[in-house]
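Note sheet for the following structure.
In mature numbering (1 follows the signal peptide of the UniProt record, and there is no 0), the protein residues as written are -22 to -1, 1 to 184.
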């Protein structure tokens, strides 16, 4: 017969091992890795590094569907564009559907014109662009090939519209009777003096 004390010790060994492993892992996990596990904490941490106040961080991160994208947008803009204020960047990042694309747009265009006057204009124009990355490609590509200012190139690119021929329906005949389809049988006409049997047609009479 086995010793009861030995059986109890054997049963507790796996449990104690799991507790010790969890405690040891918690000690080894660096603060950055622990922060990365929570998107909202990451957002708050990164915005704090940008000097954003706790109230503004709480509002921005707490109301965001993807908080890490908001903070990543601000960090990407401010770290590469010294002429843009962090609060201004945060406000703009919260207004767009693709914050990271916005940051890429601003950074790419500012690489070709880093003047103080153009920084806020680039931020606002990228915000207005439906596809920020494509807009930035348009500006960068045309700026290299044309003797125009960056402001003029941005104006042309933001006003570009794709209107493929035949995409929109022809509404000129709205309100007119429809023409019969060629080859279609003529509509049935009722026979005078004969009433249809509604029961046979499956139409309830009550």
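For glycine and all other residues, C-beta sits at the position ideal for the given N, C-alpha and C. Being a predicted model, the structure only gives us computed values, none of them experimental.
Between the CA atoms of residue j and residue i - distance to the nearest angstrom
i, j, result
"residue 128", "residue 58", "18 Å"
"residue 89", "residue 97", "10 Å"
"residue 102", "residue 64", "14 Å"
"residue 136", "residue 108", "9 Å"
"residue 24", "residue 123", "38 Å"
"residue 32", "residue 26", "8 Å"
"residue 86", "residue 41", "28 Å"
"residue 69", "residue 60", "16 Å"
"residue 79", "residue 116", "14 Å"
Cβ-based burial, residue i [other Cβ within 10 Å; buried from 16]
i, result
"residue 35", "buried"
"residue 38", "buried"
"residue 45", "buried"
"residue 43", "exposed"
"residue 30", "buried"
8 Å Cβ shell around residue i - same chain, five flanking residues per side excluded
i, result
"residue 82", "54, 110, 111 and 114"
"residue 120", "126, 131, 134 and 135"
Same chain only: Cβ atoms within 6 Å of residue i, ignoring 5 sequence neighbours per side
i, result
"residue 77", "47, 48, 51 and 71"
"residue 126", "none"
"residue 17", "45 and 46"
"residue 22", "35 and 39"
Same chain, Cβ closer than 7 Å to residue i, neighbours up to 5 away in sequence not counted
i, result
"residue 56", "28, 62, 64 and 67"
"residue 91", "128"
Expected contact under 8 Å - CB spacing of residue i and residue j to nearest Å
i, j, result
"residue 105", "residue 74", "6 Å"
"residue 84", "residue 100", "5 Å"
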